[in-house]
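Given below as structure tokens:
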């Protein structure tokens, strides 16, 4: 890890890697995959280009001998975005769906491998998908929806709080902040995480109440009320709220041995008699004219939010502090300041100017380089001088460096905003300060370095309580919480898996078995509480057998206790002659053109058929129609255009809330209308998560009535004919009198109603469907359910579309954009995003092509460009 390289390589990176490693070492956890981006660029370490990297366990001698060849913790790097270029996280948003598609491929492959190893030929699905930070949380929500696996989220730092802090500093306007940090896209991703997550893990209670409380999708009071109603078995009327859990961050410090100090002597004892000083000590001490003075240590990136300049001002303007102590600033690594990012370079330049202003030469150290392996030596040096560790960031989500410093015997001065509040409550090893008040910072530092007995008491308090932040303790708490989540996974058996499907045990039995194997942690603290040991003695053969039993029972656990109608439906579908045709296609063309009149769409379909006539006749190319239309509307539309339903392999209907297949058999037709379609009930089991159903519908009816009353006219009315079990549809009579999607979504979230809101038909229709249902997610289902490779799909769209348009452009599939005057002008409802389309879509990626018009020859040329046609 190259920590401190830039603002994206801070403490949260180390936290996530160490969490994965610690979970991989925990008894009962078979495998942990940490998915991230693969980068093959000359300016980063070569290891970032490795597809897979095993995280070696710290205590391998304590692990079982026969846990399986694929067990352990791994970093799995998914290629997405620019392949040979490192880019900051703010520029990754247009590539998120590409990451999701790549991650799906890995998860599907691994589920089958693990099934062969420990699942007795049944696929082994993840227990949870845990997203870290906003972009990964956005990805985790889509993966959770595609796989029907529970989601957990950790924000690390939150967009709304960052926006508030940046505006408070007054250096940038709201628009400038958004342009720099893509902050509105980030906030929307965090809102989606609240919608989708079963559990949100924070490091502090302050984060729950003060930071998450800023979001539309979370309210502390409502969360408690809904939880109480659920416990009593009382209906919540379709309202859902994620469970917020504060778990202190973990750390590995069993190897740390704090040195003894002599409070009465002029100099601290040596770390080890006769041992040479670490090289980094000389790199730091060369700055000081009196290196024996206590060291105030700050270890942070030169990022404005870390507030380093205020620290230097506080030090420079306090004569007593300057006389008693030295200041060491470890601000990442640098070669040439002019080659740093503009933000980091500006901070460092400001620090150097302040050193000159206050004439702090000989009192402040600011080395250019340090290795991550040298950080413990830096802590030891500060502790050796009876120094203090300071973190005066405007807000600190975790504060891992505070825990690390305490483990080496360093008292702390820390910001009163964020994680340090809870850390101080546990360790009681220092003073909290207002980061905006430099006098407060200076006085706290002076108090600790000038009062030997206070310093010693804070040091000892930290050492006595540090065990509460161990990784085993963190993992025990984490797994106990994850164990309360109701298991979810695909209810069907893919036809390329084993055909034997055993009837599941009761959910209670399944959960008990999972708890027994995954959460049986035997912890013992030694007498000094300086470390935590895990007793892992067990019979390896029995452990493997128990693991297989638990995996099987977890895989069989569904919302209902026994095999349900979706299982029967799955068995019926495998015998169908038509449905498996999807799997036999080399390429699938998805027609998802929204912004045209019906006559134009009919002609586009016919021209695509004509352009691919040879490949369509041979069965190499199949077609899927993806639309906001209801099933009945699709039949009317196709019939009026003289197109048979059997020309398509599948129909994604009602904006992605229904998935149907054409049927020639009257026994398969939808009753009572006898439509020539077969609906995929398994797809419904994938999307029903947090669907508000009748409670949501009643709320929407009231909303529509209030909207109509306020406008004095009929603006929105329910469209019962086009509504279905998983789609509540409305007709919009006046598009200028209804709120844009972002406002309607906000209204739903404030009421804890989780759904996907979208306008279609140029704003004349409003559909509300399950939270994680969409037309793009339906394509992922076709891959997961039937093995239709996403990379072999080509999606045809117009220049604009329904308000889910952006979801159809991203991913590994190819995209053809039809341009021309036949496209309807973009409606204001489509344009009223809180972020620009360019923030989520990369139009210059190789997989997107534009075509003028929709003549057969133009379409054929575009399909040939992507290898769909010969």
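In our numbering, the protein residues as written are 170 to 1039. Beta carbons: idealized from backbone N, C-alpha and C, even for Gly.
Buried or exposed, going by whether 16 or more other CB atoms sit within 10 Å of the CB of residue 410? buried
Near residue 514, which residues of its chain fall below 6 Å by C-beta distance, leaving aside the five closest residues on each side in sequence? 506
Kindly indicate which residue of 182, 358, 1022 has the alpha-carbon position closest to the one of residue 986. Minimum Cα distance to residue 986 is reached at 1022.
Would you call the CB atoms of residue 940 and residue 924 closer than 8 Å? Cβ distance < 8 Å, so residue 940 and residue 924 count as in contact.
Option nearest residue 772 by Cα separation, candidates 991, 384, 377, 242: 991
Between which residues of its own chain and residue 494 is the CB-CB distance below 6 Å, once the five residues before and five after are set aside? 462, 463, 465, 618
Looking only at its own chain, which residues have a Cβ that is under 8 Å from the Cβ of residue 334, when we skip the five neighbours before and after it? If the five residues before and after residue 334 are omitted, its C-beta is found closer than 8 Å to the C-beta atoms of 474, 563, 564, all from its own chain and listed in chain order.
Between the CA atoms of residue 638 and residue 595 - distance to the nearest angstrom: 9 Å
Counting Cβ pairs, one atom from each stretch, are 3 or more of them under 8 Å apart for the segment 444-457 and the segment 396-407? Verdict: no, contact absent.
Just to check my reading of the structure: residue 516 and residue 566 have Cβ atoms closer than 8 Å, yes? What is that Cβ distance to the nearest angstrom? Not quite, the Cβ-Cβ distance comes to about 19 Å (not below 8 Å), so this is no contact.
Give the DSSP-derived three-state secondary structure of residue 184 in the structure shown. helix
Residue 448 - containing alpha helix (DSSP H), residue span: 448-454
Please state whether DSSP places residue 313 in a helix, a strand or coil. Helix at residue 313.
How many angstroms separate the CA atom of residue 689 from the CA atom of residue 280? Only weak support exists for where residue 689 lies, its pLDDT of 28 falling under 50; the value from the coordinates is given anyway. If you take the alpha carbons of residue 689 and residue 280, they lie about 24 Å apart.
Excluding the 5 residues preceding and the 5 following residue 933 in the sequence, name in chain order all residues of the same chain whose CB lies nearer than 6 Å to its CB. 901
Please state if the CB of residue 480 and the CB of residue 561 are separated by a distance shorter than 8 Å. yes
Taking only runs that begin and end inside the segment 594-667, name each unbroken beta strand (DSSP E) of 3 or more residues, in chain order. Counting whole runs of 3 or more residues, the segment 594-667 contains the beta strand (DSSP E) stretches 599-602.
Exposed or buried, which one is residue 588 when buried takes at least 16 other CB atoms within 10 Å? The residue in question, residue 588, is buried, as its Cβ has 16 or more Cβ neighbours within 10 Å.
Beta-carbon proximity list for residue 609, same chain, < 8 Å, skipping 5 on both sides: 602, 603
Decide if residue 613 is buried, meaning its Cβ has at least 16 other Cβ atoms within 10 Å, or exposed. Taking a 10 Å sphere around the C-beta of residue 613, we find 16 or more other C-beta atoms and assign the residue as buried.
With a Cβ-Cβ cutoff of 8 Å, do residue 377 and residue 412 count as a contact? Going by beta carbons, residue 377 and residue 412 fall outside the 8 Å limit.
Rounded to whole angstroms, what's the CA-CA distance from residue 435 to residue 269? Just pull it up for me. Per-residue confidence for residue 435 stands at a pLDDT of 45, beneath the threshold of 50, marking its modelled position as unreliable; the derived number appears in the next sentence. Each residue's alpha carbon lies about 59 Å from the other.
Among the residues of its own chain, which have a CB less than 6 Å from the CB of residue 720, if the five just before and after it don't count? Note that residue 720 scores a pLDDT of 41, beneath 50, so its modelled location is shaky; the value from the coordinates is reported in the next line. 287, 288, 293.
Just to confirm my understanding: we take residue 607, look at its own chain, exclude 5 residues before and 5 after, and list those with CB closer than 6 Å. What are they? 479, 482, 483
In its own chain, which residues sit with a C-beta less than 6 Å from the C-beta of residue 1031, not counting the 5 before and 5 after it? 985, 1018, 1020
Among all the DSSP beta bridges, which residues are the ones paired with residue 202? 243
Answer yes or no: do residue 284 and residue 981 have a C-beta to C-beta separation smaller than 8 Å? no
Residue 886 to residue 831 span [Cα, whole Å]: 31 Å
Among all the DSSP beta bridges, which residues are the ones paired with residue 827? 822
What residues in its chain sit with their C-beta under 8 Å from that of residue 605, if we drop five residues either side in the sequence? 479, 563
Does DSSP classify residue 853 as helix, strand or coil? helix
From which residue to which residue does the beta strand (DSSP E) around residue 924 run? 924-929
When you compare the segment 203-210 with the segment 532-541, are there three or more beta-carbon pairs, one atom per stretch, that lie closer than 8 Å? no
Close beta carbons around residue 1034, own chain, < 8 Å, minus the five adjacent residues each side: 1018
Under 8 Å, with one C-beta from each stretch per pair, do the segment 892-899 and the segment 818-831 reach the 3-pair mark? yes
Check each candidate in 865, 1006, 390, 758 and name the one with the smallest Cα separation from residue 960. 758
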